[in-house]
Every structure is written in C-alpha cells, then in structure tokens.
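**Q**
Numbering (our numbering), first residue to last: 89 to 322.
The following block contains the structure:
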C-alpha cells in the first residue's frame, strides 16, 4: 500500500485480503541520504484518525504487527465481522482512541483473557470517551478493565441478549460517566448499588428491558432509589 500522508478516514469493507496486506506490510527502510516513504511510525496513513472495518467474513484476529502504527487513531468501528473472536493484543496499541463501536460481531468475546492480557489492555485506553456495544450475543457482563477508563462519558449497550450483570464497579466511573443507554437486554434484571455514586450521570435510558424497566419504575421500582437523583431517566 503506497503512503497517503493526508488520509484521516479509512473504511475496509468485504476486503479481507486487502486488510491483511495493509496490516502486515513491512516497515519502510531508509537508505543513507534518502527519505523514508512513510512516517517514522511506519504507517502508510500516519494521520489516520477514523477506521471502520466491516463485513469481513474470514477476519478472526487483528494482525498485531500493524496496530502499533496507528498512533493517531481516535475512532474505531467494527461492524458485521462474523468471525472476529478477540481483541486480545489490540487495545494496548490504541492510546489515542476516543470512540469505540462494535456491532454484529457475534463470535467476539470481550472477556477473552480478562484475567490477564486483555483485562489489562483496557487500562491503556485512557482517552476513551464513547463505548458502544450492539448485537453482542456473547456479552454477559462488562470487562473488569473498563473500570479504569476514567474519561469514559458515554456507554451504550444494545441487543445484548445474554447480558445479565451490570458490574458493581460502575461507581468507579463517578466523575466521568454522563450517559448510559441500555436497550433490548432482556436478561438484565437489576442495577448495582454502584449506580448511586455516578455523580456526573445526566442521562439514563432503559428500553425494551422488561424486568429492568419494572425495577426502575419511578417511585415504585426496587431499583428506583439507586437512580432517583439523576436529572433524566427514560
């Protein structure tokens, strides 16, 4: 792939081979008296800020070799990649990431390696502000490492049919989390006590969650005291 030093936004769609080649291409070499063809990071797109990868039918794992080059990446969307299994080894390279959206990746397991490598990697996403997880049948709870994302402002969970447990540590995000959306998560039955500690929370939206909706019913639900102080509850 030739260098494109001005490109800031890139989409790979239904092009597994091209994506693999892009990630795996060798670092440029600089001969004496000459200039390297790409940036010092070795990336053909050194200013890349937004990357979307979608409809990759054979894409199971990220080629780690190319990820450390994405030093400017702020926005990553993974959509409809049916064989993607893990982000292990990926997150620690994306220090500039502010927006992460994952949807229709039914084999992806965010808890894979949670007690080791993958769990620790979430700590590297210190600048992450938006996390959106949609159509995630394997997601039962949130990775423990998310509690270290002290700049996370927006959390969206949609169509996570087996999501059963909202973590107790959610209260650790008390000074950053401003908006939570939980929609079409029928297995989620309650909210943790940690919800009381979210001092910055401005908006809580719950939709198509039968049991949770009942527990959060205004003035009557068992979980209402945990969220009553928030200005906007829907």
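No residue lacks a Cβ here, since even glycine has one placed at the ideal position from N, Cα and C.
1) Which one of 164, 260 and 142 has the shortest CA to CA distance from residue 96?
2) Skipping 5 residues on each side, what residues in its chain have a beta carbon closer than 6 Å to that of residue 257?
3) Between the C-alpha atoms of residue 238 and residue 144, what's the straight-line distance to the nearest angstrom?
4) How many angstroms separate the CA atom of residue 334 from the CA atom of residue 156?
5) With distances taken Cα to Cα, identify the nearest neighbour of residue 223 among 270, 161, 132 and 100.
6) Terminal residues of the continuous alpha helix (DSSP H) containing residue 270?
7) For residue 282, which residues from the same chain have a beta carbon less than 6 Å from its beta carbon, with the 5 sequence-adjacent residues on both sides left out?
8) Return the chain-ordered list of same chain residues with a C-beta closer than 6 Å to the C-beta of residue 99, the five sequence neighbours on each side being excluded.
9) With a Cβ-Cβ cutoff of 8 Å, do residue 275 and residue 296 count as a contact?
10) Please give me, in chain order, every unbroken run of the alpha helix (DSSP H) with length at least 4 that falls completely inside the stretch 195 to 258.
11) Starting from the C-beta of residue 149, find all residues in its chain whose C-beta is less than 7 Å away, skip the five residues before and the five after it, and write them out in chain order.
12) Determine the DSSP secondary structure at residue 306, reduced to helix, strand or coil.
13) How about residue 231 and residue 194: are their beta carbons less than 8 Å apart?
14) Buried or exposed: where does residue 209 fall if 16 or more other Cβ atoms within 10 Å of its Cβ makes it buried?
15) Quick check: what's the CA-CA separation for residue 142 versus residue 108?
**A** On the basis of the coordinates in this document:
1) One-based indexing of the chain shown puts residue 96 at position 8. Ranking 164, 260 and 142 by Cα distance to residue 96 puts 164 first.
2) Residue numbering aside, residue 257 sits at position 169 when the chain shown is read from its first letter. So the list reads 235, once near-sequence residues are dropped.
3) By one-based count along the chain shown, residue 238 stands at place 150. By one-based count along the chain shown, residue 144 stands at place 56. Each residue's Cα considered, the two are about 32 Å apart.
4) There is simply no residue 334 to check, as the chain begins at 89 and stops at 322 in what is shown.
5) Taking the first residue of the chain shown as position 1, residue 223 is located at position 135. Comparing Cα-Cα distances from residue 223 to each of 270, 161, 132 and 100, the minimum goes to 270.
6) The sequence position of residue 270 within the chain shown is 182, counting from 1. Residue 270 -> not in any alpha helix (DSSP H); beta strand (DSSP E) instead, spanning 267 to 271.
7) To locate residue 282, count along the chain shown from 1; it is residue 194. Excluding positions up to five away in sequence, the list reads 256, 258 and 259.
8) The count along the chain shown starts at 1 and reaches residue 99 at position 11. 140, listed in sequence order.
9) The residue you call residue 275 lines up with position 187 of the chain shown. The residue you call residue 296 lines up with position 208 of the chain shown. Contact flag unset, no.
10) At a cut-off of 4 residues, the continuous stretches assigned as alpha helix (DSSP H) that sit fully inside the stretch 195 to 258 are 205 to 209.
11) For the purposes of this step, residue 149 is taken as residue 61 along the chain shown, with counting starting at 1. The beta carbon of residue 149 lies closer than 7 Å to those of 173 and 174 in the same chain, with the five residues before and after it left out.
12) Here residue 306 refers to the residue found at position 218 of the chain shown. The answer is coil: DSSP assigns residue 306 none of H, G, I, E or B.
13) Numbered from 1 along the chain shown, position 143 holds the residue referred to as residue 231. Numbered from 1 along the chain shown, position 106 holds the residue referred to as residue 194. For residue 231 and residue 194, no; Cβs fall outside 8 Å.
14) Here the question's residue 209 lines up with position 121 in the chain shown. Flag for residue 209 reads buried.
15) For the purposes of this step, residue 142 is taken as the residue at position 54 of the chain shown. For the purposes of this step, residue 108 is taken as the residue at position 20 of the chain shown. Just so you know, the alpha carbons of residue 142 and residue 108 end up roughly 13 Å apart.
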